[in-house]
Each structure stands twice: as C-alpha cells, then as structure tokens.
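Novice:
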Amino acid sequence: MNNDEANSQFKNLQNELIKFLNNRAEAFPAQAEPINTIINELNSASLPDFLPEPLRLPGCRHLPAALEMAQGGPMSELANVFAAFEPCMRWIRTEHYREKLGDEYMDNYCYTNVLGYDALISHDRVIATFFIIGSGRHYPRHHHEAEEIYFPFGGDTLWSQDDKPATLRPAAEPIHNTPWLPHEITTQTTPLFTFCVWISPGPIQLAQLVE
Ligand SMILES: [Fe+2]
Numbered sequence: 099m100n101n102d103e104a105n106s107q108f109k110n111l112q113n114e115l116i117k118f119l120n121n122r123a124e125a126f127p128a129q130a131e132p133i134n135t136i137i138n139e140l141n142s143a144s145l146p147d148f149l150p151e152p153l154r155l156p157g158c159r160h161l162p163a164a165l166e167m168a169q170g171g172p173m174s175e176l177a178n179v180f181a182a183f184e185p186c187m188r189w190i191r192t193e194h195y196r197e198k199l200g201d202e203y204m205d206n207y208c209y210t211n212v213l214g215y216d217a218l219i220s221h222d223r224v225i226a227t228f229f230i231i232g233s234g235r236h237y238p239r240h241h242h243e244a245e246e247i248y249f250p251f252g253g254d255t256l257w258s259q260d261d262k263p264a265t266l267r268p269a270a271e272p273i274h275n276t277p278w279l280p281h282e283i284t285t286q287t288t289p290l291f292t293f294c295v296w297i298s299p300g301p302i303q304l305a306q307l308v309e
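Numbers 99 to 309, taken from our numbering, label the letters of the sequence shown in order.
1) I want to check one thing, is the minimum distance from the CB of E246 to the heavy atoms of ligand 1 below 7 Å?
2) May I ask you to check if the CB of H240 is nearer than 7 Å to at least one heavy atom of ligand 1?
3) CB of A305 to nearest heavy atom of ligand 1: below 7 Å?
4) With DSSP as the reference, identify every bridge partner of G214, one or two as the case may be.
5) Along the beta strand (DSSP E) that carries F108, what are the first and last residues, could you check?
6) Quick one: using the 10 Å Cβ neighbour count with 16 as the cut-off for buried, is V295 buried or exposed?
7) So what does DSSP say about I273, is it helix, strand or coil?
8) Considering only residues of the same chain and omitting the five flanking positions on each side of A130, which have a CB-CB separation below 8 Å?
9) Rounding to the nearest angstrom, what Cα-Cα distance links A217 and Y209 in this structure?
10) Do you know whose CA, among E151, I273, N206, L111, lies nearest F180's CA?
11) When DSSP builds the beta bridges, which residues end up paired with W296?
12) Give the secondary structure of E175 by DSSP, where H, G and I count as helix, E and B as strand, and everything else as coil.
13) In three-state terms, what does DSSP make of S258?
14) Roughly how far, in whole angstroms, is the beta-carbon of P272 from the beta-carbon of F126, given that I think they are within contact range, below 8 Å?
15) Spell out the partners DSSP gives Y207 in its beta bridges.
16) For the candidate residues N141, F183, R191, whose alpha-carbon lies nearest to that of E103?
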C-alpha cells in the first residue's frame, strides 16, 4: 500500500472508530468518561511520516475467521475499515506471558495497537487495540492498573470478572474492567475478536497474571 492509500485507509479507520465510540458513549453513560478520553486522543491522532514496519504473527491466521464473524455482526463497519488498513498494522504479543502460558498460547493470540506501545501512533497513557485469540483457548486470570473496556465483535467467548461465573457477552456492548479487577477470557468455538481500550493513570504497565 503506498503512503497516500495508507493515509486514506487510516482516515477511514479513525473516523469509524470515533463514530463507533461516540455512539457507545451515548448508549452506555456509565462508560462515557473513559470512552470520551479515547475519542479525544483519536481526534488528535495523525499517522507518523514513517509507519512502523508491518508485522504479522502466527495468531493472525485466526484473522479471516474473526473478520467473517465480525462482518455479520453490529460492528461490521468497523471490521471493514480495520480489514482494509490491517496490512499496514504491526501485530504484537505480551512476551512475558510465554513462560507461564506456553508457546501454543502465544501462537494463537496477538493484538495490534492503533494507539499505545509498539503502536501505529505512540502513546504512553492510552491504548486502542484490536485483539484476537483463537478458539478453544484460555487467557487466565490477570489484572492491570489501567482501566479497560472491551467491545467484542461477536462470537461465543466466555468473559469473567473477579470471582463471578463466566458469561457470554453481546457484541458491541462494553465489558468494563476497573483498575486491578481480575478478569479472564475463555474462547469456545469462535475466535475472540474485540476492539479494546486502556486508560492508564500513569505510564502504561503491562498486564500481569494473577496467581
Ligand atoms: Fe485486561
């Protein structure tokens, strides 16, 4: 993709993210404050002159199934603009998980930060990311200082917060993890594909597994 094309596809993604988040802030007033923080950051975001080197990881093989699922759901417009820009994105993993979660888990998950660390647009306090986990995986109990909201694109993922039983969550509705609230994710038959934001009170600290 040449620079002009990348800029125009990014603009579409940026506009769609802002439109989606504005709509969610209105529909879910309890989450409006953190959502509005991300909207403000997205509004002022612009692509750097030199984009980070695109990178795909083994977990990206779940992307076609994830996108197909998303394109049949309420966040299809966001899925479409993301798919168009995705060849420019850099997929990453939280590498310190490898020791405890193993190579197989690491090869079945990844995420790509629009805003944040190792991101398209660097930011040290907020993250806006697209996250994938293949079917039949368990992302065990973990926590972090940052406040977090997931907006799943669809699927039969089970979500758990604190010690509450895991439940299915509707596509496009927020799953809000307050700072340090332990949470876990179990995928069943579909991959997990979700948009996710973090708002950190200080420089971003990576998530840690809770023993
Ligand atoms: Fe989290």
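C-beta atoms are modelled at their ideal positions from N, C-alpha and C, and glycine is treated no differently.
Specialist: Answer, in terms of the structure:
1) To locate residue 246, count along the sequence shown from 1; it is residue 148. E246 Cβ: within cutoff of ligand 1.
2) Taking the sequence shown and counting its residues from 1, one reaches residue 240 at position 142. Yes; taking the cut-off as 7 Å, the Cβ of H240 has a heavy atom of ligand 1 nearer than that.
3) Position 207 of the sequence shown, counting from 1, holds the residue named residue 305. A305 has its Cβ nearer than 7 Å to a heavy atom of ligand 1.
4) Residue mapping note: residue 214 aligns to position 116 of the sequence shown, counting from 1. DSSP output for G214 lists S220 as bridge partner(s).
5) Here residue 108 is taken as the residue at index 10 of the sequence shown, counted from 1. Where F108 is concerned, there is no enclosing beta strand (DSSP E), although the alpha helix (DSSP H) it sits in stretches over 101–125.
6) For this step, residue 295 is matched to residue 197 along the sequence shown. Buried, by the Cβ-count rule.
7) Taking the sequence shown and counting its residues from 1, one reaches residue 273 at position 175. Residue state, collapsed to three classes: strand.
8) As a position in the sequence shown, residue 130 is number 32, starting the count at 1. Cβ within range, chain order: A123, E124.
9) As a first step, residue 217 is located in the sequence shown; it is residue number 119 there, counting from the start. As a first step, residue 209 is located in the sequence shown; it is residue number 111 there, counting from the start. Cα to Cα, A217 sits roughly 10 Å from Y209.
10) Taking the sequence shown and counting its residues from 1, the one referred to as residue 180 is at position 82. Ranked by Cα distance from F180, the first of E151, I273, N206, L111 is L111.
11) Taking the first residue of the sequence shown as position 1, residue 296 is located at position 198. I225, E246.
12) The count along the sequence shown starts at 1 and reaches residue 175 at position 77. Here DSSP, grouped into helix, strand and coil, assigns E175 to helix.
13) The residue labelled residue 258 in the question sits at position 160 within the sequence shown. Judged by DSSP in its simplified three-state form, S258 adopts strand.
14) Numbered from 1 along the sequence shown, position 174 holds the residue referred to as residue 272. Numbered from 1 along the sequence shown, position 28 holds the residue referred to as residue 126. With 8 Å as the limit, P272 and F126 qualify as a contact, their Cβ atoms being about 5 Å apart.
15) Here residue 207 refers to the residue found at position 109 when the sequence shown is read from its first residue. I231.
16) Residue 103 sits at position 5 when you count from the first residue of the sequence shown. Nearest option by C-alpha distance: F183.
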